[in-house]
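Enquirer: Have a look at this one.
Protein chains in written order, with the working numbering: chain A, 156 to 480; chain B, 177 to 296; chain C, 10 to 845.
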């Protein structure tokens, strides 16, 4: 059965995802499993169930309708919501996602993430903010998950956007076959290319896949005339070392004529609740969010190599290349 | 009396200001007033002492002798915080929160504050 | 040297931490710092004045004393009134604040509030009932107040006017359910003919000469052989002109009293030679103005303050319409750029002080006004920017200086309202941005091209006059010209619109005040479709608006004779020319509007009824009627259905946005049926001031899921708190569907911004893009309220209401509402720090 491509969210007024004011479209499905992923609900391509413990009144209505006995009996709401509570309403290994419990819940504590939409419906929604794009150089940013997982659908969306005169950004991790990526490029104005790590082994350890293909794709991408912004999520204990930034800056400087800028994105743990809602125990939930000012020094290292760099990736940053000979 | 005349009389008691007795002392609950009754609804709009009764209806008159109690009808009985309620048999004293008697002497002032506080 | 460096570093540090008050304190001059702290906080919070602020008995006593003296006088009423006015100015206590360069205050001492006992007995009652505002000793002074009040019973403006209103209409208004305000000429607020008195062409002495000329001319005419209707009317003109003269002469005299006081202090009490000089300068200034036109910036500001002070002696002005940069700008230019008699810093001191003098003004107001105006004495919204009569950019150095001074003195009032047009320079935009970024909450932005067209559409003002508009109160443009300016905006034409939808369910009976107020529409349970329901809504809307407007029309018609304003007339060209009081509707073009409080609740409620009752058929109107009557008691699930499952305004959703357009359409149609005494229209203006707090206890349960006592929406066309789920862009899109030229008078839109959004150059670029889009969408107003730490902490009680200001992070599908408190804390902290 052909799996429909699902949209987990369409977020307006995105100001850190390409130039200007943009609309972010998140598609479900990703080939990587990065440890720090802040949109865990976009990893799986199928619809998933959120259980929001703060809204659950523990009425038991969901348990009554579950055909797979995959729902725990109610306990006191106070206990369920207390810090460190291991209680998660859904037994995920038994759940087959029939969604009967979502139907039954009258408190919005159980909701589905992942909605089926056609490319036109998506662009209809994106087009609503056209006045903002016009006045800020903004547009659509296609993200997820990983859009290149669904090359046909992603290409449709980008094409529809271009047909309607909307500026497009493709937010990709570059982990795909080159020809998949290449085919989409004709409708991409700017590529937001994620770089996690330059070291293949470390990359595989924390994301589940190696980075050879990714780095190759970047090299090939730089030979096209698509504009590139590199996005590096800086994660404590993974790629926040001086050694990494030195190496990455060196590596990226090879493509400095194609790379308009490098955005260092500070780690944050605000997504921990989303993990909780999915019943996933997130190892990084106690890691503190990085103060953005800590990334200024690493950012200088890229600038010294002739690359423009920002912390946070604001779409309104006036980045001038660092003059260095 | 036509309905229009009746209304006029009722409204006049609200709209026409009364001269105050220069010797009246403001301190202490000298007598029962509408403002001390549970059923009084102070208008939160002004601080000049107007309000209505939530039990008695339009056409009532508690200063008449004998008092007139109209309990049917839509429109409320318009009265004032400091209106004399000693003759009213519907009177039920409200619970006061102020022990120093200030509330009794100026129920308009205190009740308003309380209404605002309760909403927080 | 080191000291200066330390001072600078500290300011920078404060600014980095966004502690704007402390940064301003360090940055402003010693003089401004002193003057800023020397004024009393006059805005009431929760309806109560700050401790120490007292009612001014002196003015009330002077007024009463003179009124008693003149009871047997043969003078016409307007002349008696002018004499009372003059008596107050001639005898009130005056003072000069240390380090001040500008003088003039409505009360006798800095901590007093002007109290006019001749305006309304209900106000006098409140003065008596408010022990915190009565000066010590309270029991003695209460007796004094009682005596004053007893004298004025039956004689106040409102007492005299009451019999001429329809008692039923009046009762409905005074119940406080559907409206706000009392229809009094001396209880509202006046715009002014600035083109006549503030362009440097003339001042009081010249006007007095003109009056003398006209009086002599007409006096001669009426004593020639002959008689006719004109001659009969001419006697009134003579009285009016006489009265105007009396007030203007009193104005010149009080200025001279200030001059004399300044000289006395300088010659006998002041040791510091520099301050002596300043006092002598004050004396010279007050000897020059208001008799003669100003020659420099200090005189120009002083002239303005005197006019305001006198206007506020004559009436309880609830606003301050003005275009300070337009009219004072030339003097700023002269002093700073041409003659170079003032450095920029010295000019900034004057500008800052001018703002402070406005901030300290206070007149005792009734409780309902105070509650609706939380924290301010009135809406002093000063209009800056815009264009001149030829459409050219009118921004000048003073436009910038006002904004810079505003950041230094940081007062809640006056606020600034910027008339944006496409040719505004970047330098000026950056100043506006900086004010907003520093949490002032102003300037708000007005879309000038749209509003000029709007003003012409509704009232037929010619374009050169329309371009000279200043806000009459908060939002409504009014030309400052001979026939264009509105001499009295009665706040009485302010409707509590949430009652419209409430009354559809109660057939017009108000359950909170126990009275039949609205139209007796049929039992709501009998409506078979949405059209019938909407027809009832329309009728209630028309009924409520009509009650309020009828009263104002009546008052406006009778005001010139019953409650004339000789001083205001004395500075209005049309009165000097015609001999009619400036309140006379026949000599103005009319600029009336109905302020529509609590408007959006209607739209959301209508959408909910349309969807859940008529389309989904989930509930009947009978059930809904009962639920509302019970205040949703025991029906929480049903209530949540109405909150969550009916579309809400502000989400760029045509379903409910179309209903908004329809409601405005009906109102706009009716606006042209309602006519004011000048024969002009009555468009509506959705906005709230702080009415949403004040009316929370007066509006009952509504189909948008509201319970009695819940806070009402922010105001204007802002969506309900937390009900705009698609972010700020969707809000602007919804608002952009309204035609801001023909849809109504103006529409208030509040948006919240967070420090993250406005940080640094990129913050400015983001804000600029946002403003350009706002302008593109043809929206006429936008006001940015910056959230600070304290506001965001309260966000945790109602997280849905703060979604749009939360820091936005790259590539993140954000949730704020349902997350744990700990996460919210973290996000809030990051937001407040302005870190992205």
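Beta carbons are placed, not taken as given, at the ideal position from N, Cα and C, and that holds for glycine.
Which of helix, strand or coil does DSSP assign to residue 35/C?
Expert: In this structure, residue 35/C counts as helix in the three-state DSSP scheme.
Enquirer: How about the stretch 440 to 451 of chain C and the stretch 464 to 477 of chain C: do they share at least three Cβ pairs that are nearer than 8 Å?
Expert: No contact exists between the stretch 440 to 451 of chain C and the stretch 464 to 477 of chain C.
Enquirer: Consult DSSP for residue 251/B and reduce its assignment to one of helix, strand or coil.
Expert: Three-state result, residue 251/B: coil.
Enquirer: Under 8 Å between beta-carbons, which chain C residues line up against residue 169/A? List them in chain order, please.
Expert: Those within 8 Å of residue 169/A in chain C are 817.
Enquirer: Three Cβ pairs or more, each shorter than 8 Å: is that satisfied between the stretch 662 to 681 of chain C and the stretch 602 to 617 of chain C?
Expert: Touching, yes.
Enquirer: What are the residues in the stretch 437 to 454 of chain A lying within 8 Å of chain C by C-beta distance?
Expert: Those would be 444, 446, 447 and 448, in chain order.
Enquirer: Confirm, please, whether the CB-CB distance from residue 679/C to residue 725/C is below 8 Å.
Expert: Taking 8 Å as the Cβ cut-off, residue 725/C and residue 679/C do not qualify as a contacting pair.
Enquirer: Thinking just about the alpha-carbon of each residue, which of 238/A, 211/A and 239/A is nearest to the one in residue 228/A?
Expert: When only C-alpha atoms are compared, the closest one is 211/A.
Enquirer: Could you please tell me which residues of the stretch 331 to 349 of chain A, in chain order, have their CB closer than 9 Å to any CB of chain C?
Expert: Hits within the stretch, in order: 347 and 349.
Enquirer: Contact criterion: CB-CB distance below 8 Å. Does residue 247/A meet it with respect to chain C?
Expert: No, residue 247/A lies away from the interface with chain C (no Cβ there is under 8 Å from its Cβ).
Enquirer: So which residues on chain B does residue 523/C lean against when the C-beta distance must stay under 9 Å?
Expert: Those within 9 Å of residue 523/C in chain B are 217, 228, 229, 230, 233, 234, 250, 251, 252, 253 and 254.
Enquirer: Can you give me the C-alpha to C-alpha distance between residue 473/A and residue 345/A, rounded to a whole angstrom?
Expert: Between residue 473/A and residue 345/A, the C-alpha separation is close to 16 Å.
Enquirer: Should residue 187/B be counted as a contact of the ligand GDP given a C-beta to heavy atom distance under 7 Å?
Expert: As for the ligand GDP, it is missing from this structure, which has no ligand bound.
Enquirer: How about residue 770/C: is its C-beta nearer than 8 Å to some C-beta of chain A?
Expert: Closer than 8 Å: yes.
Enquirer: Are residue 153/C and residue 212/C closer than 8 Å when you measure CB to CB?
Expert: Cβ distance not < 8 Å, so residue 153/C and residue 212/C don't count as in contact.
Enquirer: Do the CB positions of residue 463/A and residue 416/A come within less than 8 Å of each other?
Expert: In contact: residue 463/A and residue 416/A (Cβ atoms closer than 8 Å).
Enquirer: Looking at the secondary structure, which residues open and close the beta strand (DSSP E) in which residue 349/A lies?
Expert: Residue 349/A -> beta strand (DSSP E) spans 345 to 349.
Enquirer: By Cβ distance, which residues of its chain are closer than 7 Å to residue 185/A, with the 5 residues on each side in sequence left out?
Expert: For residue 185/A, where only same-chain residues beyond five positions count, the Cβ hits under 7 Å are 197, 198, 299, 300, 301 and 304.
Enquirer: Among the residues of its own chain, which have a CB less than 7 Å from the CB of residue 593/C, if the five just before and after it don't count?
Expert: Only 569 meet the Cβ criterion.
Enquirer: Are the stretch 787 to 799 of chain C and the stretch 441 to 448 of chain A touching, with three or more C-beta to C-beta distances below 8 Å?
Expert: The answer is no - the stretch 441 to 448 of chain A does not touch the stretch 787 to 799 of chain C, with fewer than three Cβ pairs under 8 Å.
Enquirer: If distances are taken between C-alpha atoms only, which option among 363/A, 213/A and 255/A comes closest to residue 187/A?
Expert: Residue 363/A is the option with its Cα nearest to residue 187/A.
Enquirer: For residue 193/A and chain C, any beta-carbon pair shorter than 8 Å?
Expert: Yes, because at least one Cβ of chain C sits closer than 8 Å to the Cβ of residue 193/A.
Enquirer: Identify the contact partners of residue 184/B in chain C, using a Cβ-Cβ distance below 8 Å as the criterion.
Expert: Within chain C, the residues near residue 184/B are 176.
Enquirer: Is the Cβ-Cβ distance between residue 816/C and residue 800/C less than 8 Å?
Expert: It is not a contact, given that the beta carbons lie outside the stated cut-off.
Enquirer: Hey, residue 226/B and residue 271/B are a contact pair by Cβ (cut 8 Å); roughly how many whole angstroms apart?
Expert: Actually they do not touch by this definition, with Cβ atoms about 22 Å apart.
Enquirer: Can the beta-carbon of residue 591/C be found closer than 8 Å to that of residue 584/C?
Expert: Contact: yes.
Enquirer: Within 10 angstroms of the Cβ of residue 401/C, are there 16 or more other Cβ atoms? Answer buried if so, exposed if not.
Expert: Per the 10 Å Cβ criterion, exposed.
Enquirer: Return no unless some Cβ of chain A is closer than 8 Å to the Cβ of residue 835/C.
Expert: Closer than 8 Å: yes.
Enquirer: Along chain C, which residues have their Cβ under 8 Å away from the Cβ of residue 187/B?
Expert: In chain order: 176, 177, 179 and 180.
Enquirer: Please report how far the alpha carbon of residue 203/B lies from the alpha carbon of residue 265/B, in whole angstroms.
Expert: Legend: pLDDT at residue 203/B = 45, less than 50; position of this residue unreliable, no value from coordinates given.
Enquirer: Whole angstroms are fine: how far does the CA of residue 291/A sit from the CA of residue 785/C?
Expert: Taking the straight line from one Cα to the other gives about 12 Å.
Enquirer: Could you check where the alpha helix (DSSP H) with residue 468/C kicks off and where it finishes?
Expert: Unbroken alpha helix (DSSP H) run through residue 468/C: 457 to 468.
Enquirer: Using three-state DSSP, classify residue 218/A as helix, strand or coil.
Expert: Residue 218/A falls in the helix class under three-state DSSP.
Enquirer: What distance in whole Å lies between the Cβ atoms of residue 249/B and residue 269/B, which are believed to be in contact at a cut-off of 8 Å?
Expert: Not confirmed; about 25 Å, so no contact.
Enquirer: Grouping DSSP H, G and I as helix and E and B as strand, with all else coil, what is residue 242/B?
Expert: Correct three-state label for residue 242/B: coil.
Enquirer: Among 179/B, 188/B, 183/B and 178/B, which has the Cα closest to the Cα of residue 256/B?
Expert: Considering only alpha carbons, the answer is 188/B.
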